[in-house]
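*Asks:* Before anything else, here's the structure in question.
In our numbering, the protein residues as written are 7 to 312.
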């Protein structure tokens with residue numbers, strides 16, 4: 007998969023037809039999803055169960071660090087030409103490929119069980135409860151796409167103040183709060199995170215001034231940054247090692263669907279009604295995540311732990 011990403015990066019450098027590039031992007035997305043599912047499952051297998059949420063939190067910081075560094079570095083390469091940007095992406099993916107060849111699969115082949123009826127590439131029970139993630143990540147899709155525009159509309163400078171503050175808050179709080187789920191119970195930590203996420207989005211629904219954006223970024227960052235690793239710890243405690251890849255596929259499907267839908271739908275709402283109503287809708291969906299999670303969690307506890 008990593009090697010395929012090298013090829014995709016180089017192809018982007020020479021393709022000039024937009025239709026061909028869009029078709030390639032779809033194929034790229036398939037490999038990218040596979041990479042995320044496989045790497046997440048591999049990481050989970052390495053982590054001791056009693057520190058799983060904490061470990062997932064640290065692992066997630068690497069992605070956050072990449073997102074923080076990539077824009078300025080990417081623009082620097084882009085200023086020297088599209089070709090150099092694609093070559094740099096290919097070089098990074100090649101480095102990832104080399105690292106991947108040094109990893110060892112510690113999962114014994116004897117543990118691989120027969121596929122039961124109804125099993126497949128996704129863990130459907132995990133997908134159903136992961137709709138919780140889709141409900142609250144809807145707002146995250148809007149945050150990443152429109153907070154800079156929201157700041158510009160309110161005369162706030164710098165325009166990226168929300169995302170910068172959000173990244174700093176997550177970097178500072180995730181190492182401290184990520185371990186709470188392992189110590190006090192995943193559900194006990196995840197529920198307050200959903201409340202904080204809803205509160206953070208609600209602040210943006212009230213306005214986009216500098217102070218409100220900073221307040222929202224802090225509240226949302228604490229909740230959002232802690233929610234994901236805690237949720238992964240919650241889900242993986244009841245998933246066999248053989249099905250972790252499928253389980254992560256279900257989690258990523260729900261999470262990415264929420265982000266993608268949020269980016270698209272909130273753009274339409276903002277165009278028709280403005281920023282505040284759009285973030286109000288996001289806050290309402292995030293508020294629905296809590297009762298939905300508690301309802302499905304109770305249902306599955308009555309049958310079998312998720």
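Positions of the beta carbon are idealized from the N, C-alpha and C atoms, including for glycine.
1) Report the residue ranges of all alpha helix (DSSP H) runs contained in full by the stretch 38-85; include only those spanning at least 4 residues, in chain order.
2) Distance check for residue 232 and residue 5, CA to CA, integer angstroms please.
3) Which residues mark the beginning and the end of the alpha helix (DSSP H) in which residue 215 is found?
4) Inspect the beta-carbon positions of residue 265 and residue 152 and report whether they are closer than 8 Å.
5) Out of 261, 237, 252, 101, state which residue places its alpha-carbon closest to the alpha-carbon of residue 61.
6) I'd like the span of the alpha helix (DSSP H) that includes residue 278, first residue to last.
7) Closest to residue 255 by CA distance: which of 134, 230, 187, 14 is it?
8) At a cut of 8 Å, does the stretch 196-208 reach the stretch 80-94 through at least three beta carbon pairs?
9) Looking at the unbroken alpha helix (DSSP H) that takes in residue 181, where does it start and where does it end?
10) Specify the secondary structure class of residue 20 as computed by DSSP and reduced to three states.
11) Apply the 10 Å Cβ neighbour rule to residue 296 and answer buried if 16 or more other Cβ atoms are within range, or exposed otherwise.
12) For residue 208, which of helix, strand or coil comes out of DSSP?
13) Count the other C-beta atoms from every protein chain shown that fall within 10 angstroms of the C-beta of residue 324, then say buried if there are 16 or more, exposed otherwise.
14) Going by C-alpha distance, which of 224, 213, 103, 136 is nearest residue 5?
15) According to the Cβ coordinates, are residue 227 and residue 148 closer than 8 Å?
16) CB residue 285 to CB residue 211, shorter than 8 Å?
17) Go to residue 153, then tell me how far its alpha helix (DSSP H) extends in each direction, as first and last residue.
18) If you reduce the DSSP assignment to three classes, tell me which class residue 109 lands in.
19) Looking at the structure shown, is residue 232 part of a helix, part of a strand, or coil, going by DSSP?
20) Taking Cβ positions, are residue 92 and residue 42 nearer each other than 8 Å?
21) Using the C-alpha atoms, what's the distance from residue 291 back to residue 187?
22) Could you round the C-beta distance between residue 7 and residue 40 to whole angstroms and report it? I think they count as a contact, below 8 Å.
23) Verify whether the separation of the beta carbon atoms of residue 175 and residue 209 is less than 8 Å.
*Replies:* Taking the definition as stated:
1) Listed in chain order, the alpha helix (DSSP H) elements of length 4 or more contained wholly in the stretch 38-85 are 58-84.
2) Not covered by the structure: residue 5. The range shown for the chain is 7 to 312.
3) Here residue 215 refers to the residue found at position 209 when the chain shown is read from its first residue. Segment: none, residue 215 is in no alpha helix (DSSP H) and carries neither H nor E.
4) Position 259 of the chain shown, counted from the first residue, corresponds to residue 265. Position 146 of the chain shown, counted from the first residue, corresponds to residue 152. With respect to the 8 Å criterion, residue 265 and residue 152 are not classified as neighbours on the basis of their beta carbons.
5) For the purposes of this step, residue 61 is taken as the residue at position 55 of the chain shown. For the residues 261, 237, 252, 101, the minimum Cα distance to residue 61 belongs to 237.
6) One-based indexing of the chain shown puts residue 278 at position 272. From DSSP, the alpha helix (DSSP H) with residue 278 extends over 250-279.
7) The residue given as residue 255 occupies position 249 in the chain shown. The candidate whose alpha carbon is nearest that of residue 255 is 134.
8) Segments in contact, no.
9) Looking up residue 181 in the chain shown gives position 175. Looking at the DSSP string, the run of the alpha helix (DSSP H) that includes residue 181 is 167-183.
10) Position 14 of the chain shown holds residue 20. In this structure, residue 20 counts as helix in the three-state DSSP scheme.
11) Here residue 296 corresponds to residue number 290 of the chain shown, with the count starting at 1. By the Cβ-count criterion, residue 296 is buried, with 16 or more other Cβ atoms from all chains shown falling within 10 Å of its own Cβ.
12) Taking the first residue of the chain shown as position 1, residue 208 is located at position 202. Looking at residue 208 - three-state DSSP - the assignment turns out to be helix.
13) The first residue shown for the chain is 7 and the last is 312, placing residue 324 beyond what the model contains.
14) Because the chain here runs from 7 to 312, residue 5 falls outside it and cannot be looked at.
15) For the purposes of this step, residue 227 is taken as residue 221 along the chain shown, with counting starting at 1. For the purposes of this step, residue 148 is taken as residue 142 along the chain shown, with counting starting at 1. Result no, Cβ atoms of residue 227 and residue 148 do not sit closer than 8 Å.
16) Reading the chain shown from its first residue, position 279 is the one you call residue 285. Reading the chain shown from its first residue, position 205 is the one you call residue 211. A contact, by the Cβ cut-off of 8 Å.
17) Here residue 153 refers to the residue found at position 147 when the chain shown is read from its first residue. Residues 137-159.
18) Mapped onto the chain shown, residue 109 falls at position 103. Assignment of residue 109 by DSSP, reduced to helix, strand and coil, places it in the coil class.
19) Translated into positions along the chain shown, residue 232 becomes position 226. Judged by DSSP in its simplified three-state form, residue 232 adopts helix.
20) Position 86 of the chain shown, counting from 1, holds the residue named residue 92. Position 36 of the chain shown, counting from 1, holds the residue named residue 42. In this structure, residue 42 does not lie closer than 8 Å to residue 92 by Cβ.
21) Position 181 of the chain shown, counted from the start, is the residue given in the question as residue 187. Position 285 of the chain shown, counted from the start, is the residue given in the question as residue 291. Rounded to the nearest angstrom, the two C-alpha atoms are 24 Å apart.
22) Along the chain shown, read from residue 1 onward, the residue named residue 7 stands at position 1. Along the chain shown, read from residue 1 onward, the residue named residue 40 stands at position 34. Going by Cβ atoms, the distance from residue 7 to residue 40 rounds to 5 Å, so yes, they are a contact pair.
23) Translated into the one-based positions of the chain shown, residue 175 becomes position 169. Translated into the one-based positions of the chain shown, residue 209 becomes position 203. Their beta carbons are not under 8 Å apart, which means residue 175 does not touch residue 209 by this criterion.
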